[in-house]
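The sequence shown begins at 1 in the working numbering and counts up one residue at a time. We put the CB at the ideal spot given by N, CA and C, even for glycine. First up is the structure itself, then whatever we jot down about it.
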Amino acid sequence: MHYLITGGAGFVGSHLTDQLLGRGHRVTILDDLSTGSMRNISHLREHDHFRYFIDTMLNAPLLAEVVDEADAVFHLAAAVGVKLIVESPVRTIETNVRCTELLLSVASKKNKPVLITSTSEVYGKNAEVPFHEESDLVMGPTTRGRWSYACSKAIDEFLAIAYWREKKLPTIVVRLFNTVGPRQTGRYGMVIPRFVEQALEGAPITVYGDGTNSRCFTHVNDAVRALILLMESDTAIGEVYNIGNNQEITILELAERIRRRVGSSSEISFVPYSVAYEENFEDMPRRMPSIEKIRDAIGWTPRIGLDPLLDSVIHYHRSTMAVPVVAIPAAS
Ligand code: UDP
Numbered sequence: 001m002h003y004l005i006t007g008g009a010g011f012v013g014s015h016l017t018d019q020l021l022g023r024g025h026r027v028t029i030l031d032d033l034s035t036g037s038m039r040n041i042s043h044l045r046e047h048d049h050f051r052y053f054i055d056t057m058l059n060a061p062l063l064a065e066v067v068d069e070a071d072a073v074f075h076l077a078a079a080v081g082v083k084l085i086v087e088s089p090v091r092t093i094e095t096n097v098r099c100t101e102l103l104l105s106v107a108s109k110k111n112k113p114v115l116i117t118s119t120s121e122v123y124g125k126n127a128e129v130p131f132h133e134e135s136d137l138v139m140g141p142t143t144r145g146r147w148s149y150a151c152s153k154a155i156d157e158f159l160a161i162a163y164w165r166e167k168k169l170p171t172i173v174v175r176l177f178n179t180v181g182p183r184q185t186g187r188y189g190m191v192i193p194r195f196v197e198q199a200l201e202g203a204p205i206t207v208y209g210d211g212t213n214s215r216c217f218t219h220v221n222d223a224v225r226a227l228i229l230l231m232e233s234d235t236a237i238g239e240v241y242n243i244g245n246n247q248e249i250t251i252l253e254l255a256e257r258i259r260r261r262v263g264s265s266s267e268i269s270f271v272p273y274s275v276a277y278e279e280n281f282e283d284m285p286r287r288m289p290s291i292e293k294i295r296d297a298i299g300w301t302p303r304i305g306l307d308p309l310l311d312s313v314i315h316y317h318r319s320t321m322a323v324p325v326v327a328i329p330a331a332s
C-alpha cells in the first residue's frame with residue numbers, strides 16, 4: 001500500500017512512518033515543520049519507499065496530487081500541546097479545522113480512505129471515567145483558550161463522520177490519550193518529556209497545581225500499532241475509537257517516579273496553573289479511556305507499561321542531550 005501521512009515529521013507521524021515502512025509499505029509525508037522536525041525523519045531520507053514534502057496542507061494543488069497518488073491517508077497534522085494552544089488559539093483553530101476540511105473534500109473526490117486523529121481532550125470536563133466513545137463531550141466557556149482545541153477537534157470528528165454518512169467516504173476517527181515516547185518534545189507543554197529533561201538537568205520538576213490530577217500514558221509504538229490495525233480493518237469505517245492505556249498515575253507520583261528512574265536530585269516545585277498557563281485555566285482531574293471498543297473490533301490492547309515507557313523517553317533524552325563541554329587543562 002502507499003500511504004499519505006499528514007504531519008509525518010511529527011512525533012507520532014514519524015513513528016507511524018517507521019512502522020509502515022517496516023511492513024513494506026510506501027509512505028509519502030506532508031508536513032510544514034510547524035511542530036514537526038526534520039530530525040524525526042532524517043534517518044529515512046534514503047529509503048526507497050519514502051518521500052516527503054515540506055509544505056502546508058493548505059497548498060491545495062499539492063494536497064490533491066499526494067492524495068491522488070496514495071491508497072489511503074493518515075491525517076495527523078494539527079496544532080497540538082496545551083502550551084501552544086493557550087498561546088496561539090487562532091493558529092490552533094484555523095490549522096485544525098481548515099486542514100481537515102480541505103483534506104476530506106479532496107479525499108472525497110477520489111474516494112481515498114482517511115483516518116483522522118482526534119484527542120481525548122474532546123471529553124473535556126466529563127468527570128465519569130473511564131471515557132467511552134459514546135460519552136458526552138463537556139466543554140468549558142469559549143473565553144478559556146484551552147477549549148478551542150477540544151472544539152476544533154470535535155468539529156474535525158463531526159466532519160469525518162458526516163463525510164462517511166453523507167458521501168460514503170470511508171473515514172475512521174481515533175482519540176489519542178496522552179501518547180508518549182522518544183522524539184516527543186516538551187516545548188509545547190507535554191508533561192513526560194518536560195519532567196525527564198528537568199530531572200536529567202537537575203532542574204526543579206514543575207508540577208502544576210497540587211499534582212493530584214492523574215493521566216494514563218500510552219507508548220507511541222502501541223498507539224501506532226492501533227492506527228495501522230484500524231486502517232486495515234473494514235469494521236472500523238465510520239466509527240470512533242479511543243486509543244490509550246488505562247494504567248493511571250497522578251502527576252505528583254509521575255514526577256517522583258521519573259526522578260527515581262533518572263537517579264536525579266531535582267526538587268519538585270509546585271507551580272500554580274495561572275503562572276504555567278493563564279488565569280482561570282481549567283485542568284482535567286482524571287482522564288482514562290475505556291478500551292473495550294477497540295479491543296473488541298481489532299483485538300488491540302496496549303503492551304508497553306509505564307516503566308518501560310519512561311525508560312525509553314529517558315534513554316532518548318540522554319542520547320540527544322548536548323555533550324557537556326569539558327575544559328582541557330592548558331599544557332604546562
Ligand atoms: N503538567 C505538569 N507540569 C508540566 C506539564 C504538564 O504538572 O510541566 C501536568 C498538566 O497540568 C496535566 C498533566 O501534566 O495535568 C498532563 O499534561 P500534558 O500537557 O502532557 O497533557 P494533557 O493531558 O493536559 O493534555
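Item checked: Secondary structure of L169, DSSP reduced to three states -> Within the sequence shown, residue 169 is the residue found at index 169, counting from 1. Three-state result, L169: coil.
Note to self: In the DSSP output, what is C216 paired with across the bridge?
What the structure shows: As a first step, residue 216 is located in the sequence shown; it is residue number 216 there, counting from the start. Answer is E248, bridged to C216.
Check: Cβ of R215 versus every heavy atom of the ligand UDP: is any distance shorter than 7 Å?
Finding: As a position in the sequence shown, residue 215 is number 215, starting the count at 1. Because some heavy atom of the ligand UDP lies under 7 Å away, the Cβ of R215 counts as near it: yes.
Next item on the list: Within the same chain, show all residues whose beta-carbon is closer than 6 Å to that of Y316, passing over the 5 residues directly before and after it, in chain order.
Entry: Within the sequence shown, the letter at position 316 stands for residue 316. The residues are P182.
Check: What are the residues that DSSP puts in a beta bridge with R26?
Finding: By 1-based counting over the sequence shown, the position of residue 26 is 26. R26 pairs with H2.
Next item on the list: Could you please give me the residues that DSSP links to H75 through a beta bridge?
Entry: To locate residue 75, count along the sequence shown from 1; it is residue 75. In DSSP, H75 forms a bridge with T6 and I116.
Note to self: Please list the terminal residues of the continuous beta strand (DSSP E) segment that includes S265.
What the structure shows: Counting from 1 along the sequence shown, the entry for residue 265 is found at position 265. According to the DSSP assignment, S265 belongs to no beta strand (DSSP E), since it is labelled neither H nor E.
Check: With a CB to CB cut of under 6 Å and the five nearest residues on each side skipped, what residues in its chain are close to K167?
Finding: By 1-based counting over the sequence shown, the position of residue 167 is 167. S108, listed in sequence order.
Notebook entry, point to check: Between the stretch 14–25 and the stretch 86–97, do at least 3 Cβ pairs fall closer than 8 Å?
Noted result: Too few Cβ pairs lie closer than 8 Å, so no.
Next item on the list: Whole angstroms is fine: what's the gap from C151's alpha carbon to V122's?
Entry: Position 151 of the sequence shown, counted from the first residue, corresponds to residue 151. Position 122 of the sequence shown, counted from the first residue, corresponds to residue 122. Using only the alpha carbons, I get a separation of about 7 Å.
Checklist line | Cβ-based burial, S264 [other Cβ within 10 Å; buried from 16] | finding: Counting from one through the sequence shown, the residue named residue 264 turns up at place 264. The residue is buried, with at least 16 neighbouring Cβ atoms inside 10 Å.
Item checked: Those runs of the beta strand (DSSP E) which lie wholly inside the stretch 136–199 and span at least 3 residues -> 171–176
Next item on the list: Inspect the beta-carbon positions of V12 and V196 and report whether they are closer than 8 Å.
Entry: Residue numbering aside, residue 12 sits at position 12 when the sequence shown is read from its first letter. Residue numbering aside, residue 196 sits at position 196 when the sequence shown is read from its first letter. In this structure, V196 does not lie closer than 8 Å to V12 by Cβ.
Margin query: Given the structure, does T320 come close to the ligand UDP, in the sense that its CB is under 7 Å from one of the ligand's heavy atoms?
Written below: Counting from one through the sequence shown, the residue named residue 320 turns up at place 320. No, Cβ of T320 sits at least 7 Å from all heavy atoms of the ligand UDP.
Next item on the list: Quick one: give me the first and last residue of the beta strand (DSSP E) that T206 is part of.
Entry: Within the sequence shown, the letter at position 206 stands for residue 206. That run of the beta strand (DSSP E) goes I205 to Y208.
Check: Is the beta carbon of M139 within less than 7 Å of some heavy atom of the ligand UDP?
Finding: Working through the sequence shown from its first residue, we reach residue 139 at position 139. No.
Next item on the list: Select from K110, E133 and V207 the residue whose C-alpha is nearest the C-alpha of P289.
Entry: Working through the sequence shown from its first residue, we reach residue 289 at position 289. Of K110, E133 and V207, the residue nearest in Cα terms is E133.
Check: How is I85 classed by DSSP in three states: helix, strand or coil?
Finding: Along the sequence shown, read from residue 1 onward, the residue named residue 85 stands at position 85. Note: I85 maps to helix in three-state DSSP.
Item checked: Close beta carbons around I228, own chain, < 8 Å, minus the five adjacent residues each side -> Residue 228 sits at position 228 when you count from the first residue of the sequence shown. Excluding positions up to five away in sequence, the list reads L16, Q19, L20 and R23.
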